[in-house]
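Quick notes on the structure that follows.
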Ligand code: HEM
Ligand SMILES: [Cu+2]
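Residue numbers (the UniProt record's numbering), protein chains in the order written: chain Y, 1 to 206; chain L, 1 to 656.
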């Protein structure tokens, strides 16, 4: 949190030239990016909500969603957000080894999440519920898939930062990078909470 | 072999289209050969790469945006003249229906996304860091990426003309017409991908300038001391950040419909075309404010400078900018009142639309009050500003007429609408951008644009404007619809259409005068030796023209609004000159070729998706990822300019 706080003071950051200020600037910019990414998801949600009962001849949400599977995905992703928070916490206390461990745990959980989602998608698609079947399915795969792509990208990104932190320790730009990828990860978690509610829960309860 | 070649030429190069395309192909080929030959002959390749393609300097990026915007203005203008030529006479067959469709599509898209957008970005880049006392934008590397994404997006869109075929579903590209079932060719894909690629760049620019303005201001430059142009950029960035994602989504979903076969906007299997139309205008309406707000900012700077007065009602100007940027998100349904959303919905959006007139009116009155009793100089920037006021007032009034939902059933999609939006887009955005270009030109290049030729350009363009668009209001009332490629003689539309076409040609002549003016001034234009040719008010005029690479040798400390003017009044200008002992080594970002390569990779991926050549698409995307990974592992991306070098430069400029 300390870093976020610093993002809001300081005039003309580049002047001081310290990495600290550069980090604050990057974090600030990243928040703005997250805002616009959030709008992107909002548009996809709106599309999904409009189209979710346009199932045509295809399955309805209730036919398709598998409660244990999406519950597992949810628990895994929420846990990964927690472990990611622990990594940032360890970083602020200068404990590099601990931080790396938690990052690896986060990555493994992220991979598990993506794996589960991919298997859910293939299962449904093989059962005939493909993207091309109905407007509902188009919107479902696109919304959930966009989130999945974000997570996959996050995995690649976090891996690259893991390698850098491994090599360089907690010097220079590394803490800022870890903090930012953490922000991204938490953001995806928040988006997932909405997917869980709007898509899955409301889908099976209808 | 020959057969294969014929097939390629017919499907991709469209040789069966006839002489017009052959001529364009030859012209493009000759121009490309010419450019390559000139660069090679003068041994300029290295210069091009080192100074321009790899630059991260906001001033150079701004100049590149400006050049692109002017070129695109030319292309869009040629499209406009082709259309007006076709419409000059009834039953004309200069263009056929299909070509007319393609031309209004490329004209509209290019003018808004590849002319107006780069033009505002040009001014963002050129003016904002200088106005707030910064050495660059917050993220210079990202700024270069933005430019190259814009550039290659625009290139992708433009090559459709000679490679594969132009899009033809209108700049709004409404489904189901734009779906694969009704629009087979690759043209529509060019539209979707060209806009998508440049749109990502635009979001990045929005983020970049917002961070720059909020975080990089010189000490003492509080928000309420910022120049109004910078405020207008901030307002525009807010709108970009909130509006562009809707475009990204609309384009992506339509692209999925077309290349994957989903059913978002088809009529089959539960798709809903209205969803696209909503998403498009949730972006589209704010978009017109994105391009008008910076123009408002330019007018505020110009009016204050050329009336030699402080802007009247600074605080209300700021509030008005912010109010417009918020209200702009609540008006989008006025683009389809006739689609039957119901009286209550239409009423809400009609009232919201009219409400935009209030802050806009406040701004117009503030400009007028600033001019009142000022010592006005009618230099070119001021001339365009003065011309803007009545033009925008009429355009605004017809806009309020269109906002009356029940009445809109009468004018919807008629020439009344065409006349209205050209009046605000040309009279507002184009006049504003030209005023800004004339105003900051000496700052960019170190010389002024010739007044005499500029006045010819101004009068041709202005008179041409009214001659072209006033008759169209009447044509709208007489029942002429937009996007019709010809009309029968007995409707009585012939005379007004003919007059309108004359006006379009007058504007064309105005543009030629502008070209002549630029070429003439490069050689003979008055040099700007003081750095302050207009007797300006804000920080950029305290610097020499053109501005040294690092902008400010010593970052100024600001104590007032219009600080440079205040210092001049008090005879303290010396305070903004660097003192040798104050100069310190300056941190600057290093040049990088990667943003350019990333643009190329996006372009390759774009071509791949346009023609469903997935190997190429994947290769392009891998290229994008490779650029990102390389960046992630880059640490050493800054360097220092040593004190001696800064001192040397400043001394050579006579500032030490
Ligand atoms: C310079 C003089 C200009 C002339 C003579 C001109 C002329 C025209 C004409 C003849 C049309 C087609 C009307 C129809 O058949 O529906 C048109 C459409 C359009 N113009 Fe212009 N135009 C000019 C400048 C601009 C500028 C500066 C902009 C934007 C910044 C602009 C934006 C548009 C748009 C968005 C359309 C609608 C395209 C569509 O229907 O999809 N035009 N213009
Ligand atoms: Cu609108």
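Backbone N, C-alpha and C define an ideal beta-carbon position, used for all residues, glycine too.
| Item | Value |
| --- | --- |
| Select from the segment 45-56 of chain Y all residues with a C-beta closer than 9 Å to any C-beta belonging to chain L, and list them in chain order. | 46, 47, 50, 51, 53, 54, 55, 56 |
| Report yes or no: is there a C-beta of chain L within less than 8 Å of the C-beta of residue 128 of chain Y? | no |
| How do the segment 210-224 of chain L and the segment 248-256 of chain L stand: do at least 3 beta-carbon pairs fall below 8 Å, yes or no? | no |
| Is the CB-CB distance between residue 503 of chain L and residue 467 of chain L below 8 Å? | yes |
| Counting only beta-carbon separations shorter than 8 Å, does residue 14 of chain L have a partner in chain Y? | no |
| Is there a Cβ from chain Y that is less than 8 Å from the Cβ of residue 117 of chain L? | no |
| Quick one: grab the DSSP three-state call for residue 120 of chain Y. | helix |
| Since residue 244 of chain L meets chain Y, which of its residues come closer than 8 Å, beta carbon to beta carbon? | 36 |
| Applying the criterion that 16 or more other CB atoms from any shown protein chain within 10 Å of the CB defines a buried residue, is residue 260 of chain L buried or exposed? | exposed |
| Is it buried or exposed for residue 561 of chain L, if we count other Cβ within 10 angstroms and need 16 for buried? | buried |
| So, at 6 Å on beta carbons, what are the nonlocal neighbours of residue 192 of chain Y in its own chain, with the 5 sequence-adjacent residues on each side left out? | 77 |
| Cα separation between residue 579 of chain L and residue 66 of chain L? | 34 Å |
| Just to check my reading of the structure: residue 152 of chain L and residue 208 of chain L have Cβ atoms closer than 8 Å, yes? What is that Cβ distance to the nearest angstrom? | Their Cβ separation, rounded to whole angstroms, is 18 Å, which puts residue 152 of chain L and residue 208 of chain L out of contact at 8 Å. |
| When you compare each of L/385, L/103, L/212 to residue 127 of chain L by their alpha carbons, which one comes out closest? | L/212 |
| Give the secondary structure of residue 447 of chain L by DSSP, where H, G and I count as helix, E and B as strand, and everything else as coil. | strand |
| Taking 7 Å as the limit, tell me which residues put their C-beta closer than that to any heavy atom of ligand 2, in chain order. | L/281, L/284, L/285, L/288, L/331, L/332, L/334, L/335 |
| Label residue 15 of chain Y either buried or exposed according to how many other C-beta atoms from any shown protein chain fall within 10 Å of its C-beta, with 16 as the threshold for buried. | Note that residue 15 of chain Y scores 41 on pLDDT, short of 50, meaning its location in the model is unreliable and no value can be drawn from it. |
| For residue 604 of chain L, which residues of its own chain have a beta-carbon under 7 Å away from its beta-carbon, when the five flanking residues on both sides are left out? | 616, 619, 620, 623 |
| Excluding the 5 residues flanking residue 575 of chain L on each side, which residues of the same chain have their C-beta closer than 7 Å to its C-beta? | 567 |
| Assign residue 527 of chain L to one of three DSSP states: helix, strand, or coil. | strand |
| Shorter than 8 Å from the beta carbon of residue 133 of chain Y to some beta carbon of chain L? | yes |
| Compare the C-beta of residue 609 of chain L with all C-beta atoms of chain Y and state if any pair is closer than 8 Å. | no |
| Alpha carbon to alpha carbon, how far is residue 80 of chain Y from residue 107 of chain Y? Give it in angstroms, no decimals. | 8 Å |
| To which residues of the same chain is residue 400 of chain L closer than 7 Å at the C-beta, ignoring the five residues directly before and after it? | 354, 357 |
| Alpha carbon to alpha carbon, how far is residue 270 of chain L from residue 263 of chain L? Give it in angstroms, no decimals. | 7 Å |
| Are there any heavy atoms of ligand 4 lying less than 7 Å away from the beta-carbon of residue 75 of chain L, as far as the coordinates show? | As presented, the structure is devoid of ligand 4, carrying ligand 1 and ligand 2 as its sole ligands. |
| State the DSSP-derived secondary structure class of residue 414 of chain L, mapped to helix, strand or coil. | strand |
| For residue 131 of chain L, which of helix, strand or coil comes out of DSSP? | helix |
| Is residue 107 of chain L close to ligand 1? I mean its beta-carbon at under 7 Å from any heavy atom of the ligand. | yes |
| Between residue 43 of chain Y and chain L, is the shortest Cβ-Cβ distance under 8 Å, so that the two count as touching? | yes |
| Pick from L/324, L/393, L/406: whose alpha carbon is nearest that of residue 343 of chain L? | L/406 |
| In three-state terms, what does DSSP make of residue 555 of chain L? | coil |
| Counting only Cβ pairs nearer than 9 Å, list the residues of chain Y close to residue 549 of chain L. | Chain Y residues near residue 549 of chain L: none, gap ~15 Å exceeds 9 Å. |
| For a contact defined as C-beta to C-beta under 9 Å, what are the partners of residue 334 of chain L on chain Y? | The premise fails here: residue 334 of chain L is roughly 19 Å from chain Y at the closest Cβ pair, so nothing lies under 9 Å. |
| Around the C-beta of residue 319 of chain L, are 16 or more other C-beta atoms found within 10 angstroms, so that it is buried, or is it exposed? | exposed |
| Below 7 Å on C-beta distance, what does residue 80 of chain Y contact in chain L? | The contacting residues do not exist; residue 80 of chain Y stays about 21 Å from chain L at best. |
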